[in-house]
Structures are given as structure tokens and as C-alpha cells.
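A.B. asks: Chains as they are written, first to last, in this note's numbering: chain A, 31 to 178; chain B, 31 to 178.
We treat Cβ as the ideally placed atom computed from N, Cα and C, and that holds for glycine.
Quick one: the structure is below, and I'll ask about it shortly.
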DNA sequence: ATACCAAATGAAAATCATTTCTATTTATAA
DNA sequence: TTATAAATAGAAATGATTTTCATTTGGTAT
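In C-alpha cells, the structure reads:
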């Protein structure tokens, strides 16, 4: 029970390795979504020998375990975001600074009725992500463009 | 004003070419989402010389124009779906047969309040997709597994 | 109908994110 | 401490998508 990240890995039944701790630490440090490549670059500062496949493998395992989330991005690259929130929720993603905020509102309840009545299908999962400009970026924008 | 697809292309200010007509026709024929590769295979039945890049280029342009939609898929490949519905809407995607149904319910209104109050950001766009089993596949399933 | 020009296309090659493979190393349980 | 299954490095493969460039074609003005 060394620290927060060890606990997370233990719960996921993943071996506690320095690389995994570092990945979690990097993603937890700031709420910005990052690509495997970006994470790799940051990892290389601490580990001389670190392969990109290791980053991919671990990101996949951690996402599988629900500790980190995939952000949906038009360029179809993978982006990940660390998440302390264990409850089902969604994300507000700032397209300017890549900051991610949790959104506790979920449209599923409203949609179940629609689908069961009109489509008569069974819902398995849903994807919901809100893209926008966060308040930090809005303030930066307005302070740049304003008449001061 | 030859036909429906010519009109669509005209509105998008895209030249009316046989390849583009065929792409629209293929996607409109059935409400199943298809990959560029799959569409290409179908195109080759009619056009001996048809390049995959042409399919990609046109799918991108047509999606840009809002005539076809990208389906979000875990494998991160591109999938497209033709859409007659001009109003803002979302999709129910059957993970079994790839059939797509329009969902007129949109969670944006409920979410605007949340975002404006708690995140204090500006919503630019949102991604919403419901994955499930459509009624056709449910009936097939139940007829296979049922006691007859 | 014809000529012109920008847009569209084919073909080959490049790109680039992601995955696989295999030998080696490491974390952990006994 | 040792055994062993999991994790890793490094190189190579994969595979979808994009780019480049030479050629063709659709639409418009004549």
C-alpha cells in the first residue's frame, strides 16, 4: 500500500511496476488528455529504456480497468485521461487546451424510453462527450480580445 | 436535376460524378454503416478502375457536407452511414447487424444548463451515440434461443 | 457543339498510429 | 530465495488513411 497508484494497480490485479505508476502519475498530474506518444515522451525523461509498445499496452489495460478514459477525437488518434470519479459519468473536453472536466449528467434515462418505444431495441452502451471551450480558455480569449 | 443524388451533390457544390453517385447509392441502399474498404469493394463491381483514395476523399467530402455520418466504433476504423434526416439528431447503432436508426432525442438542452453552471464553459459540439441490439436482431436471437 | 479550366481520379508510394513477436527482465507468491 | 507468470524492450509488421503527381473529366463560357 505504497501510494494511491499502487492501490489502483493492486485492485486491477496488475503488477505494480514503476512504469505503470509513472503513467498514472503523468495522467493524474493535470486534467489534460494525452496521446500515447505524448505520454511516452514524458516517460522517457525518467526511464532511459522505455518502449512505446509498453505505453500502449498499459494504457489499454488501465482503460480496460476503468482508471483512465479514452477521449473521442476527430483525428482518430487515441487520447487518454485519468479519472478519479468511479461513478458512471461523461466528459466535457476543452478543444483549446485539452482539459477534461467530469459531467455527472447522463442522458441514458431519457434515451431508454425513446429506444424501447420507437426502435424497440436493447441499449448496450452509449457514447456521450461534450466538446467546448473551458472557462479558463474563455477568460484568456476575452482578455486578449477585450478592450481592456 | 437527374436524381436525388445529383441534387445532393449540386447542393454541396461537388461535381456530379458517377463515382459519387454510386457511393451515395451504396450507402443509401441499406441503413448499415460501412467502411471505406467495404464501399470500395462494392464500387469495383461497377467500376473496373476505382481507387481506394477516391472512396476516402469522397466519403470525407460527403461527411463534411452532412450527407453521410461517421459512426463511432471502438476499432477506430472509419464507418459511414447515409442519412436523409436533415435535422440535428443522433444514432442508434446495432452492434450485431450494423443497422443504424435515427434518434430524434438530443441531450444537449439538459446539458447546457449543467455546463454553463458548473463548468462555466461554452459548448461547441457534442458526440452522442447509442449502441445496442436492434429489434430485428433481438427477434432473431429469441427465435434461436427460445423454446419454439 | 467545343474549348477551357478547375476539380476529380488512378496508381503508387508515403505516413503514421498501433500491434505483434520473441527474447529478456522483473514482480510477486510460495 | 526461488520459481514462475507477467511485464518489458526492441525490432519488425500491420493496416488504415493520406499524399503526390500525372491524367482525365465535368461544368461553364463561348
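(1) On a Cα-Cα basis, can you pick out the residue from B:111, B:112 and B:94 that is closest to residue 104 of chain A?
(2) Please list the partners that residue 99 of chain A has in chain B, where partner means a Cβ-to-Cβ separation under 8 Å.
(3) Could you give the C-beta distance for residue 124 of chain B and residue 157 of chain B, rounded to a whole number, given that I count them as a contact under 8 Å?
(4) Just the Cα atoms here: how many angstroms apart are residue 84 of chain A and residue 40 of chain B?
(5) What residue does the alpha helix (DSSP H) around residue 100 of chain A start on, and which one ends it?
(6) Just curious, the beta strand (DSSP E) that residue 86 of chain A is in, first and last residue?
(7) One question on the structure: do residue 98 of chain B and residue 112 of chain B come within less than 7 Å of each other, judged by their Cβ atoms?
(8) Relative to the alpha-carbon of residue 80 of chain A, which residue among A:67, A:118 and A:161 has its alpha-carbon at the smallest distance?
(9) Nearer than 6 Å: is that true of the beta carbon of residue 49 of chain B relative to any heavy atom of the ligand FMN?
(10) Could you name the residues of chain B that residue 41 of chain A contacts, counting a contact when the two beta carbons are closer than 9 Å?
(11) For a test of the three-state rule: what should DSSP assign to residue 111 of chain A, helix, strand or coil?
(12) Quick test of your reading: residue 57 of chain B and residue 49 of chain B, contact by CB under 8 Å. State the CB separation rounded to the nearest angstrom.
(13) Which whole-angstrom value describes the C-beta separation of residue 122 of chain A and residue 130 of chain B, a residue pair presumed to lie in contact below a C-beta threshold of 8 Å?
(14) Closest to residue 75 of chain A by CA distance: which of A:52, A:137 and A:136 is it?
(15) What would DSSP say about residue 38 of chain A, mapped onto helix, strand or coil?
(16) Would you mind stating whether residue 161 of chain B and residue 155 of chain A have Cβ atoms separated by less than 7 Å?
(17) Do you know offhand how far residue 54 of chain B's Cα is from residue 96 of chain B's?
(18) Mark residue 143 of chain A as exposed unless 16 or more other C-beta atoms lie within 10 angstroms of its C-beta, in which case mark it buried.
(19) Between which two residues does the beta strand (DSSP E) harbouring residue 124 of chain A extend?
(20) Specify, as a first and last residue, the run of the alpha helix (DSSP H) that residue 134 of chain A falls within.
(21) Can you tell me where the beta strand (DSSP E) with residue 152 of chain A in it begins and where it stops?
(22) How about residue 115 of chain A and residue 91 of chain A: do their beta carbons lie closer than 7 Å?
(23) Determine the burial state of residue 151 of chain B: buried for a count of at least 16 other Cβ atoms within 10 Å of its Cβ, exposed for fewer.
(24) List the residues of chain A whose Cβ lies closer than 8 Å to the Cβ of residue 102 of chain B, in chain order.
(25) For residue 74 of chain B, which three-state DSSP category applies?
(26) Of the residues B:126, B:102, B:107 and B:106, which one's Cα is nearest the Cα of residue 120 of chain B?
C.D. replies: According to the data block:
(1) Along the first chain, one-based indexing puts residue 104 of chain A at 74. Checked all of B:111, B:112 and B:94; the closest Cα to residue 104 of chain A is B:94.
(2) Numbered from 1 along the first chain, position 69 holds the residue referred to as residue 99 of chain A. The contacting residues do not exist; residue 99 of chain A stays about 13 Å from chain B at best.
(3) Locating residue 124 of chain B in the second chain gives position 94, where the first residue counts as 1. Locating residue 157 of chain B in the second chain gives position 127, where the first residue counts as 1. Approximately 18 Å separates the beta-carbon atoms of residue 124 of chain B and residue 157 of chain B; this is outside 8 Å, ruling out the contact.
(4) The residue given as residue 84 of chain A occupies position 54 in the first chain. The residue given as residue 40 of chain B occupies position 10 in the second chain. Distance between the alpha carbons of residue 84 of chain A and residue 40 of chain B: 49 Å.
(5) In the first chain, counting from the first residue as 1, residue 100 of chain A sits at position 70. Not the alpha helix (DSSP H): residue 100 of chain A falls in the beta strand (DSSP E), residues 98–101.
(6) Position 56 of the first chain, counted from the start, is the residue given in the question as residue 86 of chain A. No beta strand (DSSP E) contains residue 86 of chain A, which is instead part of the alpha helix (DSSP H) from 82–94.
(7) The count along the second chain starts at 1 and reaches residue 98 of chain B at position 68. The count along the second chain starts at 1 and reaches residue 112 of chain B at position 82. Their beta carbons are under 7 Å apart, which means residue 98 of chain B touches residue 112 of chain B by this criterion.
(8) Stepping through the first chain from its first residue, residue 80 of chain A is reached at position 50. Of A:67, A:118 and A:161, the residue nearest in Cα terms is A:67.
(9) Only the bare structure without any ligand can be found here, which leaves the ligand FMN out of the picture.
(10) The count along the first chain starts at 1 and reaches residue 41 of chain A at position 11. Near residue 41 of chain A there are no residues of chain B at all, since even the closest Cβ is about 24 Å away, more than 9 Å.
(11) Counting from 1 along the first chain, the entry for residue 111 of chain A is found at position 81. Reduced to three states, the DSSP call for residue 111 of chain A is strand.
(12) Counted from its first residue, the second chain places residue 57 of chain B at position 27. Counted from its first residue, the second chain places residue 49 of chain B at position 19. Contact flag wrong, Cβ pair sits at about 13 Å.
(13) The residue given as residue 122 of chain A occupies position 92 in the first chain. The residue given as residue 130 of chain B occupies position 100 in the second chain. The C-beta distance from residue 122 of chain A to residue 130 of chain B rounds to 26 Å, too long to fall under 8 Å, and the pair is not in contact.
(14) The residue labelled residue 75 of chain A in the question sits at position 45 within the first chain. Check the Cα spacing between residue 75 of chain A and each of A:52, A:137 and A:136: the tightest is with A:52.
(15) The count along the first chain starts at 1 and reaches residue 38 of chain A at position 8. In this structure, residue 38 of chain A counts as helix in the three-state DSSP scheme.
(16) Within the second chain, residue 161 of chain B is the residue found at index 131, counting from 1. Within the first chain, residue 155 of chain A is the residue found at index 125, counting from 1. The answer is yes: Cβ separation under 7 Å.
(17) Taking the first residue of the second chain as position 1, residue 54 of chain B is located at position 24. Taking the first residue of the second chain as position 1, residue 96 of chain B is located at position 66. Whole-angstrom Cα-Cα distance: 12 Å.
(18) As a position in the first chain, residue 143 of chain A is number 113, starting the count at 1. By the neighbour-count criterion, in which 16 or more other beta carbons inside 10 Å mark a residue as buried, residue 143 of chain A falls on the exposed side.
(19) Stepping through the first chain from its first residue, residue 124 of chain A is reached at position 94. Its beta strand (DSSP E) spans residues 120–124.
(20) For this step, residue 134 of chain A is matched to residue 104 along the first chain. No alpha helix (DSSP H) holds residue 134 of chain A; DSSP gives it neither H nor E.
(21) Here residue 152 of chain A corresponds to residue number 122 of the first chain, with the count starting at 1. Segment 152–163, the beta strand (DSSP E) holding residue 152 of chain A.
(22) The count along the first chain starts at 1 and reaches residue 115 of chain A at position 85. The count along the first chain starts at 1 and reaches residue 91 of chain A at position 61. No.
(23) On the second chain, position 121 is the one that residue 151 of chain B refers to. Classification of residue 151 of chain B: buried, given that the 10 Å Cβ count is 16 or more.
(24) Walking along the second chain from the start, residue 102 of chain B turns up at place 72. Those are 102 and 157, listed as they occur along chain A.
(25) The residue labelled residue 74 of chain B in the question sits at position 44 within the second chain. Here residue 74 of chain B sits in helix by DSSP.
(26) On the second chain, residue 120 of chain B is found 90 positions in, with the first residue counted as 1. If we check each option's Cα against that of residue 120 of chain B, B:102 comes out closest.
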